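Novice: Okay, so the sequence shown: first residue is 294 according to our numbering, each after it adds one.
Yeah, the Cβ is synthetic: ideal placement off N, Cα and C, and Gly gets one too.
None of these values were measured; they are calculated from a predicted model.
The structure is given below, and queries will be raised subsequently.
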Amino acid sequence: MTYATKRKVAGMVFLLPYLLSFCSFVILPLIVAFVLAFCRYDLTARGQAGFVGTKNFSDAFADQYFWAAMGATVRYAILIVPATLLTALALALGMNAMVRGQRFVRAMVFLPGMLNVAVTGILWQWFFNGQFGLFNFFLEKVGIGKVPWLSEKTMAMPSITLMSLWWTVGGTSIVLLTALQQIPVQLFEAAALDGADTNRLFKYITIPMLKPVLTFTVVTTTIGGFQMFGQAFMLTRGGPELSTRGLVQYIYETAFNNYRLGYGAAMSWLLFIVIATFAIIQFRVIRGKAI
294 MTYATKRKVA
304 GMVFLLPYLL
314 SFCSFVILPL
324 IVAFVLAFCR
334 YDLTARGQAG
344 FVGTKNFSDA
354 FADQYFWAAM
364 GATVRYAILI
374 VPATLLTALA
384 LALGMNAMVR
394 GQRFVRAMVF
404 LPGMLNVAVT
414 GILWQWFFNG
424 QFGLFNFFLE
434 KVGIGKVPWL
444 SEKTMAMPSI
454 TLMSLWWTVG
464 GTSIVLLTAL
474 QQIPVQLFEA
484 AALDGADTNR
494 LFKYITIPML
504 KPVLTFTVVT
514 TTIGGFQMFG
524 QAFMLTRGGP
534 ELSTRGLVQY
544 IYETAFNNYR
554 LGYGAAMSWL
564 LFIVIATFAI
574 IQFRVIRGKA
584 I
């Protein structure tokens, strides 16, 4: 056996565990979900299981709860994407300008992202509690009064967005900080010698150089926004009046609480189509190409 052949064999041996797990936990579930989407498969009536074509998809388009959940998901995405992008960019610019203490601040900013959604949800339940929550305690101290963070429809989704921002913005800001640190200093020095002020440096050097990373950030944040589940589930269980029940939560309840696996799979593929469409549009618009 030649050296090149040994390297190929060794590479396949090391890749084999990952390939097996990838096929078992990604490819196989996708195939099963695709098949289920065109079948009626209710665990409470397995004797009536069978192929129904596109009926699950047509049922979803006629389902008012599906559209309500989709609306809640879109509202969350509209709130979280610009909030994350602007906050992360501000944090990255601030940390990049620091001469001392940058490592400590970077660690503190990234720390919330190390918590899982269950711990974060329990923590923010205390923050948002209407009777003895931390936020209302300080608001009462300054004379503003208590705020119904999670009990009012108009406040519930912004409150969930605030929690998500605190939880996820650290990782995004670190990505942007890394990109900022890769911009050659000579570009700023040359522009400054030509008389460019801070605003022009930011507009004509920083933003264009960050464009690929900003594209990645916007697309991935949008994908994460449409997959919102744990935050609302921990804080509001989808209330009040289903105003924060996202599509992923509705799919979960349909498939695993009501045992309608076929209908849940069909809605999952509809969500996938929506996410892919938004991601492609954002990618092409930000990159400056025609759709």
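Check residue 352 in the structure and name its three-state DSSP category.
Specialist: Three-state DSSP puts residue 352 in a helix.
Novice: Specify the secondary structure class of residue 399 as computed by DSSP and reduced to three states.
Specialist: Reduced to three states, the DSSP call for residue 399 is helix.
Novice: Can you tell me whether DSSP reads residue 344 as helix, strand or coil?
Specialist: Residue state, collapsed to three classes: strand.
Novice: Which complete alpha helix (DSSP H) runs does the region 529 to 568 hold, if anything under 4 residues is left out?
Specialist: DSSP runs (the alpha helix (DSSP H)) wholly in the region 529 to 568: 540 to 545.
Novice: In the structure shown, what three-state DSSP assignment does residue 333 receive?
Specialist: Reduced to three states, the DSSP call for residue 333 is strand.
Novice: Specify whether the region 524 to 533 and the region 337 to 345 touch according to this definition: at least 3 beta carbon pairs, one from each stretch, less than 8 Å apart.
Specialist: No: fewer than three Cβ pairs fall under 8 Å.
Novice: Closest by CA to residue 466, which one among 451, 377, 438 and 577?
Specialist: The shortest Cα separation from residue 466 among 451, 377, 438 and 577 belongs to 377.
Novice: According to DSSP, simplified to helix, strand and coil, what is residue 489?
Specialist: Looking at residue 489 - three-state DSSP - the assignment turns out to be coil, as it is neither helix nor strand.
Novice: Within its chain, find whatever has a CB closer than 8 Å to the CB of residue 432; leave out the 5 residues flanking it on each side and keep chain order.
Specialist: Closer than 8 Å at Cβ, skipping near neighbours: 438, 439 and 440.
Novice: Would the region 375 to 389 count as touching the region 544 to 561 if we require 3 or more Cβ pairs under 8 Å?
Specialist: At 8 Å Cβ cutoff, the stretches do not touch.
Novice: When the Cβ atoms of the region 558 to 566 are set against those of the region 473 to 492, are three or more pairs found closer than 8 Å?
Specialist: The answer is no - the region 473 to 492 does not touch the region 558 to 566, with fewer than three Cβ pairs under 8 Å.
Novice: Which residue marks the beginning of the alpha helix (DSSP H) containing residue 373, and which one marks its end?
Specialist: From DSSP, the alpha helix (DSSP H) with residue 373 extends over 357 to 390.
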